[in-house]
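Structure first, then comments.
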Amino acid sequence: MKNASTDLLGVDIGGTNVKIGVIDSEYNVKEFIKFKTEKDDVDAMLGSICGVIRDLSQKYSFDFVGVGSPGRIEDNRTVIEAGNIAYDNTPCADIIEQKTGLPVYLDNDANCALYGEKFAGAGKNISDMLVLTIGTGVGGGIMIGRKCYRGHNGRAGELGHFIMDINGEPCSCGLRGCFEQFASVTAFVKAARKAAGEHKDSILYEMAQGDPSRIGGRLPFYAMYRGCEVARGVIDEYIRHLADGINSLAKMFQPETIVLTGGIMNEGPIITQMLAPHFMPFVNCTLSPLHGNAGLIGAALIKREREG
-7 MKNASTDLLG VDIGGTNVKI GVIDSEYNVK EFIKFKTEKD DVDAMLGSIC
43 GVIRDLSQKY SFDFVGVGSP GRIEDNRTVI EAGNIAYDNT PCADIIEQKT
93 GLPVYLDNDA NCALYGEKFA GAGKNISDML VLTIGTGVGG GIMIGRKCYR
143 GHNGRAGELG HFIMDINGEP CSCGLRGCFE QFASVTAFVK AARKAAGEHK
193 DSILYEMAQG DPSRIGGRLP FYAMYRGCEV ARGVIDEYIR HLADGINSLA
243 KMFQPETIVL TGGIMNEGPI ITQMLAPHFM PFVNCTLSPL HGNAGLIGAA
293 LIKREREG
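All the letters of the sequence shown, read from the start, carry residue numbers -7 to 300 under the working numbering.
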């Protein structure tokens, strides 16, 4: 039986996972479903999303669906450039509407994280804020005067794509040495796997059971907690890169606060404790209080954001 109250439904499409959640009026996640992103099969991915939406609609009462997706969104309907997912030029909103019968509000996933923080998280009483989403890539949302800043073409906020090393590796955006290539979970895992392979006597290598490809975003932290100097070195280097980028962004925008969310940020206070010594005095940086759900909650709030 459906609940009598009207809930909100958010869909957060990430480079690794798709998260779908029912959100109540207090912005609590009532039900949560997560599955792997089918990066190379857009029809299968959207089919899975629509199937979950139909199932949840049998249990809960919601009037529309909010969807956050990586990449550039055109006319609030179509994903034009999706970055790490192969569904450029896909009319996601139209497809989901046709398959579920519900109105769909589509926006960039990092902007959704901004909405989540603005209404339910660290930005509730903030005027000017940056949100950094640290995951497969690095995304960003910019709030100025409590309005999401989009730029003249709607593409502002690609905070993962300023250059930190002009001699760095080519980036999918067309530049080289972007912040994303140093601060994403993808970059962190790549560095950890390389270090484990080069130090087969390390605790990190042992915890990976002799197979560095088993290392994900959390294992280096577990190894560090067990006293692994190799893991500590990888984390220290990652933290320095992340802090350098945050210092640069703070200098550029001078926000009241910079909020970190997603992926590796779920390690909690250890992240900010390690970052703090590297920050310039004017930097105010905090972790999202939304337990990795800023993008999910924000997707459910796209309609509220647009209505002002």
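All residues carry an ideal CB built from backbone N, CA and C; glycine is no exception. All figures in this text were calculated on a predicted structure; none of them were measured in a lab.
Nearest-angstrom Cα distance between residue i and residue j?
i	j	result
Asp86	Leu48	19 Å
Asp80	Asn145	17 Å
Ile65	Leu98	8 Å
Cys163	Glu172	8 Å
Gln246	Ala223	33 Å
Ala184	Val123	25 Å
Arg147	Gly219	43 Å
Val130	Gly143	19 Å
Leu196	Asp157	28 Å
Arg168	Phe154	9 Å
Could you tell me if residue i is buried or exposed, where buried requires 16 or more neighbouring beta carbons within 10 angstroms of its beta carbon?
i	result
Gln265	exposed
Lys28	exposed
Met37	buried
Asn20	exposed
Thr(-2)	exposed
Phe24	exposed
Helix, strand or coil, according to DSSP, for residue i in the structure here?
i	result
Thr253	strand
Arg218	coil
Glu172	helix
Ser53	strand
Glu248	coil
Ala162	It should be noted that the sequence gives Pro, not Ala, for residue 162. Pro162: strand per DSSP, three-state reduction.
Val34	helix
Phe24	strand
Leu48	helix
Name the two residues that bound the continuous alpha helix (DSSP H) containing residue i.
i	result
Val177	Val177 to Glu190
Thr92	Cys84 to Thr92
What span of residues does the beta strand (DSSP E) with residue i cover, start to end?
i	result
Met135	Val130 to Ile136
Val96	Val96 to Asn100
Lys11	Asn9 to Ile15
Gly2	Leu0 to Ile5
So, at 7 Å on beta carbons, what are the nonlocal neighbours of residue i in its own chain, with the 5 sequence-adjacent residues on each side left out?
i	result
Lys192	none
Glu73	Gly63, Arg64 and Asp80
Gly181	Note on identity: in this sequence residue 181 is Val, with Gly being the wrong assignment. Same-chain partners within the cutoff: Ile207, Gly208 and Gly209.
Which residues in the same chain have their Cβ closer than 8 Å to the Cβ of residue i, if we skip the five residues on either side of it in sequence?
i	result
Asp32	Ala78
Ordered along the chain, which non-local residues of its own chain (more than five positions away) have a Cβ less than 6 Å from that of residue i?
i	result
Thr178	Thr128
Against chain D, with Cβ distances strictly below 7 Å, would residue i count as a contact?
i	result
Met272	Annotation note: the requested chain D is absent from the structure, which comprises a single protein chain.
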